[in-house]
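Below: the structure, in structure tokens.
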Amino acid sequence: MQSSIFKPVTLGSLTIFPNLVLSPMSGVTCSPFRRLIKELNTDSLSGESAVGLLVSEFISIEALTRNSRKSIEMMKFGSEEAPFGIQIFGYDIDRMCEAALMAVDAGADLLDINCGCPAPKVVRRGGGCELMRQPSHLQKMIHQVRKTVSIPFTIKFRSGWDENSKNALEIARIAEAEGVDGITIHGRTRSALYKGEADWDIVEHVASEVAIPVFGSGDITSRSGVIKRLYNSKISGVFIGRGAICNPLLFREILFEETHNVQRNMIRSARIVKRYSELLLEDLDPKYCVGKLKQLVCQMCKGQFWTKSFCRALSIEEQMKILQEVLDLAEDKSYTYSV
Ligand SMILES: Cc1cc2nc3c(=O)[nH]c(=O)nc-3n(C[C@H](O)[C@H](O)[C@H](O)COP(=O)(O)O)c2cc1C
């Protein structure tokens with residue numbers, strides 16, 4: 002079964018393995034987080050990685066093409082992150098092409114256009130999921146971008162705008178006809194936001210109707226979840242988002258069939274937080290690390306006794322003091338640290 006589920010996927014000139022992708026998450030999948038996930042999910046002996054592809058947070062074409070320093074920084078990535086995709090979002094076709102070329106210059110292995118973001122400030126300006134409501138504009142955009150860049154090019158979208166306008170298949174057909182190398186469908190509508198369960202039937206249906214690779218996204222939190230979605234399926238692979246925040250070892254649990262119980266293992270999760278702090282401090286001013294560490298801790302370490310005080314801490318020094326106490330306690334053999 003392993004070989005039929007976990008297989009290479011070819012996106013234009015790029016072949017990724019395995020077919021497990023870290024889903025782009027704005028405010029989460031910064032370079033330190035991506036490096037953390039890659040490092041934790043790489044076998045230290047063989048060097049095999051359980052993450053097939055890392056993708057940036059979505060980056061505004063309006064900001065990029067006005068040379069916003071912050072947005073240009075967001076395109077940066079380390080060599081250990083390869084293969085690496087840059088995701089951009091916006092409405093204007095000329096700016097989309099210009100930003101696409103900037104992604105090529107930044108060295109991206111793949112370009113992705115976000116057509117699924119539900120945030121009002123994004124859709125109001127015609128970007129994200131609004132592009133699904135404007136298929137002819139989207140078609141022109143994809144056509145121009147395809148003419149502009151030769152690197153692998155994908156788009157990511159939702160099942161539709163709302164229950165009455167599920168047009169994922171229409172968008173997939175446009176993408177295929179315009180030479181897009183692969184698509185990802187988050188099985189929720191824009192109006193569902195992140196509520197309810199993702200609809201994988203629509204992902205399966207689209208995958209059976211188009212010839213390009215189709216990835217699915219939504220609610221993957223375990224190996225059995227991946228098997229359920231990919232066994233006997235036309236879906237090429239899965240994107241994993243929130244599941245990787247709660248369990249940063251999820252990719253290796255899925256591919257290497259391991260169990261780490263990271264959320265319930267205080268020493269393991271505290272060591273992951275420690276490593277994340279080191280990676281963050283390589284890139285960021287300490288004051289910006291505080292919120293990022295809270296974000297990981299409050300999801301990965303939920304229920305552990307030290308989480309509340311850690312998340313109330315106002316400085317990295319305070320956070321590191323709490324973390325060190327936890328590590329000392331957990332390493333004290335007389336202390337049973339199961340939570
Ligand atoms: C905090 C957060 C930020 C997100 N940002 C992006 C983004 O920048 N680009 C994108 O395509 N999807 C984004 N998504 C959607 C995820 O990539 C993914 O499709 C969705 O969360 C469903 O997958 P999951 O259940 O594995 O998280 C975001 C989701 C979350 C929770």
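Each residue of the sequence shown is one higher than the one before, starting from 2 at the first, in the working numbering.
Note that the Cβ used here is the ideal one computed from N, Cα and C, for glycine as well.
Here the structure is a predicted model, which is why all the values come from computation and not from measurement.
Measuring CB to CB, does Ser166 end up less than 9 Å from Arg134?
-> Their beta carbons are under 9 Å apart, which means Ser166 touches Arg134 by this criterion.
Is the beta carbon of Cys118 within less than 8 Å of some heavy atom of ligand 1?
-> Result yes, Cβ under 8 Å from ligand 1.
So Tyr92 and Gly117 are in contact, right, with Cβ under 8 Å, and what is the actual spacing, rounded?
-> Their Cβ separation, rounded to whole angstroms, is 14 Å, which puts Tyr92 and Gly117 out of contact at 8 Å.
Per-residue burial, Glu131 [other beta carbons within 10 Å of its own, 16 or more giving buried] = It counts as buried.
Rank Gln264, Ile89, Pro287, Leu170 by C-alpha distance to the C-alpha of Leu297 and give the top, closest one.
-> Nearest in C-alpha terms to Leu297, of all of Gln264, Ile89, Pro287, Leu170, is Gln264.
With DSSP collapsed to three states, give me the class of Gly161.
-> DSSP places Gly161 within a strand segment (E or B) once states are collapsed to three.
From Thr66, Ala83, Ala64, residue whose alpha carbon lies closest to that of Leu111 = The alpha carbon of Leu111 has as its nearest neighbour, out of Thr66, Ala83, Ala64, the alpha carbon of Ala83.
Beta strand (DSSP E) containing Glu58: first to last residue?
-> Start and end: 54-61.
Apart from the five residues just before and just after Ala208, which ones in its own chain have a Cβ nearer than 6 Å to its Cβ?
-> Excluding sequence positions up to five before and after Ala208, its CB lies within less than 6 Å of the CB of Val215, Lys235, Ile236, all in the same chain and listed in chain order.
From which residue to which residue does the beta strand (DSSP E) around Ala108 run?
-> According to the sequence as given, residue 108 is Gly; it is not Ala. Under the DSSP assignment, Gly108 falls outside any beta strand (DSSP E); it carries neither an H nor an E label.
Determine the closest residue to Leu21 out of Thr222, Ile73, Cys302, with distance taken between C-alpha atoms.
-> Of the listed residues, the one whose Cα sits closest to Leu21 is Thr222.
Which residues DSSP lists as bridging His206, in chain order = His206 is not bridged to any residue.
In the segment 98-154, which residue ranges form an unbroken beta strand (DSSP E) of at least 3 residues, counting only runs that do not cross its ends?
-> Those beta strand (DSSP E) runs which fall completely within the segment 98-154 and span 3+ residues are 111-116.
Answer with buried or exposed for Leu281, where buried requires no fewer than 16 other C-beta atoms within 10 angstroms of its C-beta.
-> Buried: at least 16 other Cβ atoms inside 10 Å.
For Ser339, count neighbouring C-beta atoms within 10 Å of its own C-beta (all shown protein chains included) and say buried if the count is 16 or more, exposed if not.
-> Any reading at Ser339 must be qualified, since the residue scores a pLDDT of 47, below 50, and its modelled position is unreliable; no value is offered.
Verify whether the separation of the beta carbon atoms of Ile6 and Val227 is less than 9 Å.
-> Their beta carbons are under 9 Å apart, which means Ile6 touches Val227 by this criterion.
Consult DSSP for Glu332 and reduce its assignment to one of helix, strand or coil.
-> Three-state DSSP puts Glu332 in a helix.
Within the same chain, show all residues whose beta-carbon is closer than 6 Å to that of Glu49, passing over the 5 residues directly before and after it, in chain order.
-> Answer for Glu49: no residue qualifies.
For ligand 1, list every residue whose C-beta falls under 7 Å from any of its heavy atoms, going in chain order.
-> For ligand 1, residues qualifying as neighbours are Ser24, Pro25, Met26, Ser27, Gly28, Val29, Glu58, Phe59, Gln88, Asn115, Gly117, Cys118, Lys157, His187, Tyr195, Ala199, Ser218, Gly219, Asp220, Ile221, Phe240, Ile241, Gly242, Arg243, Gly244, where qualification means a beta carbon closer than 7 Å to at least one of its heavy atoms (chain order).
Cα-Cα separation, Leu170 to Lys196 | Going from the Cα of Leu170 to the Cα of Lys196 covers about 22 Å.
Can you give me the Cβ contacts of Cys302 inside the same chain, cut-off strictly under 6 Å, excluding the 5 residues immediately before and after it?
-> Take Cys302, set aside five residues on each side of it, and the residues of its chain with a beta-carbon closer than 6 Å to its own are Ser270, Thr308, in chain order.
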